[in-house]
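A short write-up of the structure that comes next.
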Amino acid sequence: MIFGFSSQNGHQSGSLSDAIYYSLNALITLPFSKDSMVFVIRKCAHMTEFGLLALSLYYGMAKNGHTKLFVKALLLTFVFACTDEFHQLFIAGRAGQFRDVLIDTTGGLLFLSLLQLIRYQKGSNS
């Protein structure tokens, strides 16, 4: 899924972001300019995609008896984010940016942290 979105050229990617913006704006009045909101939408999508990737990696490794799952899942998410941005260098109208690697990795960190928080809460309630 991630590479599928990354394979879209700049126009296709922008059109998808615009469609999401207009759909949201029809439901609620968005408080900022279109450009600002599209930026937020795009970055939230990145964080969500890579957060779900991190959780998938975590649970995939957990089934195989790996240790230090949080660190390994986050590191693999970072590596995948790097390859995703490198891939975008070869797509018309796209640019690979290290800032996006950091945003993607932050998504992984947030999702993994939420998982740990939920697991901690469940453990302390037992």
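Position 111 of the sequence shown, counted from 1, bears residue number 1175 in this note's numbering, the numbering being contiguous throughout.
C-beta atoms are modelled at their ideal positions from N, C-alpha and C, and glycine is treated no differently.
request  = Helix, strand or coil for H1130, going by three-state DSSP, please let me know.
outcome  = For this step, residue 1130 is matched to residue 66 along the sequence shown. H1130 falls in the coil class under three-state DSSP.
inquiry  = Here's the rule: buried if 16 or more other CB atoms are within 10 angstroms of the residue's CB, otherwise exposed. What is G1172?
reply    = For this step, residue 1172 is matched to residue 108 along the sequence shown. The residue in question, G1172, is buried, as its Cβ has 16 or more Cβ neighbours within 10 Å.
inquiry  = Here's a check: name, in chain order, each residue in its chain whose Cβ is nearer than 7 Å to the Cβ of C1146, leaving out the five neighbours to either side.
reply    = Stepping through the sequence shown from its first residue, residue 1146 is reached at position 82. Counting only Cβ-Cβ distances below 7 Å, and skipping sequence neighbours, we find V1165.
request  = Check whether the Cβ atoms of L1121 and T1141 lie closer than 8 Å to each other.
outcome  = Taking the sequence shown and counting its residues from 1, one reaches residue 1121 at position 57. Taking the sequence shown and counting its residues from 1, one reaches residue 1141 at position 77. Yes, they are a contact pair.
Euclidean distance between Cα positions of G1078 and A1137 = Position 14 of the sequence shown, counting from 1, holds the residue named residue 1078. Position 73 of the sequence shown, counting from 1, holds the residue named residue 1137. Cα-Cα distance, rounded: 30 Å.
inquiry  = Only counting the same chain, and skipping five residues up and downstream in sequence, which positions put a Cβ closer than 6 Å to that of M1101?
reply    = Counting from one through the sequence shown, the residue named residue 1101 turns up at place 37. Excluding residues within five positions, the ones whose Cβ falls inside 6 Å are Y1085 and L1094.
query = Using the rule of at least 16 other Cβ atoms within 10 Å of the residue's Cβ for burial, across every protein chain shown, is A1118 buried or exposed?
reply = Within the sequence shown, the letter at position 54 stands for residue 1118. Counting C-beta atoms within 10 angstroms of its own C-beta, A1118 has 16 or more neighbours from the protein chains shown and is therefore classed as buried.
query = If we count the other Cβ atoms within 10 Å of its Cβ and call it buried at 16 or more, is D1082 buried or exposed?
reply = Along the sequence shown, read from residue 1 onward, the residue named residue 1082 stands at position 18. That one is exposed.
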